[in-house]
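Trainee:
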């Protein structure tokens, strides 16, 4: 029986609720895929929601290190190429490097092709590019939505220091109010504006009042 390296490749960027493919379901599909082909599963990686939009991922790099050191792995099985990488050509280069230098073939459950053939390599590259394009489209959609909310006067980020969100929900329904720390930070702005107090001294004063904030952080706060 051939030995296969199976990775859940749960480096999933698309939230579960969007594609209805849970991590456990991906594991099951990959195991069935390997079983039908008589491939022996010898290891798992993943199990976390690391974004596949870049290849600088802890589990992903841990897997690559393991594969490159192993001498008995023939395959990596993933649910789909988007789970492997959404970095386009770079993702394709990683898969090609595994094949050319280590003899490890990257296979997917949902996109069956043979990456050992010229046509298969071309198809695989297209899949990686589609993943990158989908990622870029999603990012543009998010950025556009944030811009629209900002234009309407809504705060789209986490509550700034010194404020508490009394209604953590949609950006259009937030209720940001000053908290106890905010009242103390207000003093810092008054010291700076009316007395030109140095940041180092302000930092020391705040600390005595229970607010620990560095001189550098104050500089950014006043900027």
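In my numbering, the protein residues as written are 21 to 243. Glycine included, each C-beta is placed from N, C-alpha and C at the ideal position. Since we're looking at a predicted model, the values are computed, not measured.
1) Can you tell me whether residue 71 is helix, strand or coil according to DSSP?
2) Closest to residue 228 by CA distance: which of 239, 205 and 215 is it?
3) Indicate the three-state DSSP secondary structure (helix, strand or coil) for residue 60 in the structure shown.
4) Mind checking whether residue 222 and residue 243 have CB atoms under 8 Å apart?
5) Comparing the C-beta of residue 134 with each C-beta of chain D, is any distance below 8 Å?
6) Report the partner residues of residue 198 according to the DSSP bridge assignment.
7) Where does the unbroken alpha helix (DSSP H) through residue 164 begin, and where does it stop?
8) Helix, strand or coil, according to DSSP, for residue 126 in the structure here?
9) How many Å lie between residue 163 and residue 126 at the Cα?
10) Taking only three categories from DSSP, how would you classify residue 214?
11) Any idea which residues DSSP pairs residue 95 with across the strands?
12) Within 10 angstroms of the Cβ of residue 54, are there 16 or more other Cβ atoms? Answer buried if so, exposed if not.
13) With H, G and I counted as helix, E and B as strand and the rest as coil, what does DSSP make of residue 132?
14) Please report how far the alpha carbon of residue 191 lies from the alpha carbon of residue 167, in whole angstroms.
15) Going by beta carbon distance, what residues of the same chain come within less than 7 Å of residue 231, once the five residues before and after it are set aside?
16) For residue 238, does the three-state DSSP call read helix, strand or coil?
17) Considering only residues of the same chain and omitting the five flanking positions on each side of residue 225, which have a CB-CB separation below 6 Å?
18) Can you give the Cα-Cα distance for residue 195 and residue 146, rounded to whole angstroms?
19) Which two residues bound the contiguous alpha helix (DSSP H) that contains residue 80?
20) Counting Cβ pairs, one atom from each stretch, are 3 or more of them under 8 Å apart for the segment 128 to 147 and the segment 165 to 181?
21) For residue 91, tell me which candidate among 83, 114 and 123 has the shortest Cα-Cα distance.
22) Taking only the alpha-carbon atoms, compute the straight-line gap between residue 114 and residue 240 and give it to the nearest angstrom.
23) Alpha carbons only, please: which of 210, 107, 233 and 214 is nearest the one belonging to residue 220?
Mentor: Let me spell this out:
1) At residue 71 the pLDDT is 49, less than 50, meaning the model places this residue with poor confidence and gives no usable figure here.
2) 205
3) strand
4) Not closer than 8 Å, so no.
5) The chain labelled as chain D is not found in the depicted structure, where only one protein chain is given.
6) 183
7) 138 to 171
8) strand
9) 33 Å
10) helix
11) 125
12) Answer is buried; the Cβ neighbour count reaches 16.
13) It is coil, neither helix nor strand.
14) Between the C-alpha atoms of residue 191 and residue 167 there is a straight-line separation of about 12 Å.
15) 201, 204 and 205
16) helix
17) Same-chain partners within the cutoff: there are none.
18) 45 Å
19) Start and end: 78 to 89.
20) no
21) 123
22) 40 Å
23) 233
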